[in-house]
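Protein chains in written order, with my numbering: chain A, 13 to 246; chain B, 13 to 246.
All C-beta atoms in this analysis are idealised placements derived from N, C-alpha and C, irrespective of residue type, glycine included.
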DNA sequence: TTAGTAAACTGAACACTGTTCACATAGACG
DNA sequence: CGTCTATGTGAACAGTGTTCAGTTTACTAA
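Structure representation (structure tokens):
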């Protein structure tokens, strides 16, 4: 009677094998050099077979990004994420995020940078783990406010966005080879977090409205100005 | 005797036509959907002809990025870049950069984000205008230090990098559709600059060494951790 | 055991892509 | 005029994502 279950298990195993092959090819071959045919060869299926597991190549990337959020979620922290001091927790959170961009550059790129896989940008709200982690960060910032470490009235959501954007900016510079030879990306990353924290503590007036986090977190549908990337084939 | 000159002029005109066609296709068709064949059709040449003007498709992108730096260099400022107050000049510089990311997202992406055109990351030092503008920014920061607006001893180069990385991070979030529906990218961009400025003014100790700007500015060869993107064809 | 059936998988094709190369052609020079 | 060189072409090569008519496989019902 466990036949259906076993079938589903087998199917899930093949699905995982496809994702693993795709991930390994990302590492060794680089980003755009991974093709359906190469993945298929690695898992010893025909290219056409992959289309019964994923509707398109984009969806493989999408699933990999989902994997990435899981990886980040499970990543060990070098600092004290559970520290008593809420400011140290925030520092540790972003140190972990930068370390993640070092350890898993291809995942990081898919999760926070990439524009070539339309679904990732457009269906961002489907990454429930991303929403969860973002909520956690906002609550960490809120605890800083409650503890008087940030001025009363600081919009927690905006503050967390400023921190995240700054760190992603530094990580991106390193990922895209825009650092000068002597520049240390990690130092820059830690510095930018400290500087933004200090700036928030200064209590300057912010333009951004807090928007009190309407839907649990992010959501899609932000006009880009850039063409919504390539549809696979018209 | 002006034959050689006229020939060179003609050649340059075709080169420009190719770049214009490529740029226009970026706007209308999106990023990865522009092909050599489409560019060739638009300029009414055969695909093979383009290869006597550019050694590869990557080099067309590279030339477009060069164009981008020229565009940014010539962009009008909404704020007062020539203002007397050096802090206002910095704010205006980054407001202009963010506006540029709105007006020319594809150029911005090529210049500061893209990893899929290997030459742009790897030969960054060849963008002389980028070096020039960066030097200008560093000198603006230095003027703030000299005027006592930033603490004495602030490393101007590091400060300018922190500012730039933060703003690029916000611009990237908008470009890659990572903003929540209610979020205002422009407000975030202006806020992040103000917050980083305030943080720098707080005088916290920075980890990054100043490195006194060894070669005039940036330079290539920073280990990425990510595969150096796809070579066109092996 | 056998017939039927539904899912899984394949081979071949389609319409693309970047790039190369033997050939044609047009314009400048002696 | 012929020669020669630069410029441009058509066709091809090897690759891409994707689709689909069939075949194979594995399970179900008679």
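Contact set for residue i: own chain, Cβ-Cβ below 7 Å, skip 5 residues either direction
i	result
residue 85 of chain B	141 and 145
residue 38 of chain B	46 and 118
residue 159 of chain A	98
residue 87 of chain A	108 and 112
residue 34 of chain B	46, 51, 72 and 76
residue 198 of chain A	110
Where residue i falls, given that 16 or more other Cβ within 10 Å makes a residue buried
i	result
residue 221 of chain A	exposed
residue 14 of chain B	exposed
residue 96 of chain A	exposed
residue 151 of chain A	exposed
residue 125 of chain B	buried
residue 98 of chain A	buried
residue 64 of chain B	exposed
residue 111 of chain A	buried
residue 139 of chain A	buried
residue 24 of chain B	exposed
residue 135 of chain B	exposed
residue 189 of chain A	buried
residue 186 of chain A	buried
residue 101 of chain A	buried
residue 67 of chain A	exposed
residue 193 of chain A	exposed
residue 195 of chain B	buried
Cβ of residue i within 8 Å of any chain B Cβ
i	result
residue 140 of chain A	no
residue 145 of chain A	no
residue 124 of chain A	yes
residue 160 of chain A	no
residue 165 of chain A	no
residue 70 of chain A	no
residue 110 of chain A	no
residue 153 of chain A	no
residue 23 of chain A	no
residue 202 of chain A	yes
residue 150 of chain A	no
residue 172 of chain A	no
residue 14 of chain A	no
residue 210 of chain A	yes
residue 220 of chain A	yes
residue 58 of chain A	no
Cβ of residue i within 8 Å of any chain A Cβ
i	result
residue 216 of chain B	yes
residue 313 of chain B	The structure shown does not extend to residue 313 of chain B, since chain B is modelled only from 13 to 246, so the question has no answer here.
residue 79 of chain B	no
residue 136 of chain B	yes
residue 133 of chain B	yes
residue 232 of chain B	Bear in mind that a pLDDT of 41 at residue 232 of chain B, under 50, signals an unreliable position, so the number given afterwards is only what the model happens to contain. Yes - at least one Cβ of chain A is within 8 Å of the one on residue 232 of chain B.
residue 32 of chain B	no
residue 86 of chain B	no
residue 35 of chain B	no
residue 178 of chain B	yes
residue 99 of chain B	no
residue 54 of chain B	no
residue 128 of chain B	yes
Sequence-distant residues of the same chain with beta carbon closer than 6 Å to residue i, five excluded per side
i	result
residue 233 of chain A	With a pLDDT of only 42 at residue 233 of chain A, under 50, the local geometry of the prediction cannot be trusted, and no value is derived from it.
residue 89 of chain B	104 and 108
residue 182 of chain A	200, 201 and 204
residue 106 of chain A	179 and 205
Check: residue i C-beta below 7 Å from any heavy atom of the ligand HEM
i	result
residue 19 of chain A	This structure lacks the ligand HEM, and indeed carries no ligand of any kind.
Contact set for residue i: own chain, Cβ-Cβ below 8 Å, skip 5 residues either direction
i	result
residue 61 of chain B	52
residue 103 of chain B	91, 202, 205, 206 and 209
residue 132 of chain A	73, 74, 77, 122, 123 and 126
(message) Across the region 161 to 169 of chain B and the region 164 to 174 of chain A, are there enough close Cβ pairs to call them in contact, namely three or more that are closer than 8 Å?
(response) no
(request) Report yes or no: do three or more beta-carbon pairs, one from the region 26 to 40 of chain B and one from the region 52 to 64 of chain B, lie closer than 8 Å? (result) yes
(request) Check whether the region 172 to 183 of chain A touches the region 168 to 184 of chain B, counting contact only when three or more Cβ pairs, one atom from each stretch, lie closer than 8 Å. (result) By the criterion of at least three beta-carbon pairs nearer than 8 Å, the region 172 to 183 of chain A is in contact with the region 168 to 184 of chain B.
(message) With three or more C-beta pairs closer than 8 Å as the rule, is the region 205 to 213 of chain B touching the region 212 to 220 of chain A?
(response) Yes, they touch.
(message) Which complete beta strand (DSSP E) runs does the region 54 to 120 of chain A hold, if anything under 3 residues is left out?
(response) none
(message) I want to know whether the region 121 to 136 of chain B touches the region 73 to 80 of chain B - three or more CB-CB distances under 8 Å.
(response) Yes: at least three Cβ pairs fall under 8 Å.
(request) Taking only runs that begin and end inside the region 124 to 206 of chain B, name each unbroken alpha helix (DSSP H) of 4 or more residues, in chain order. (result) 130 to 134, 140 to 158 and 168 to 187
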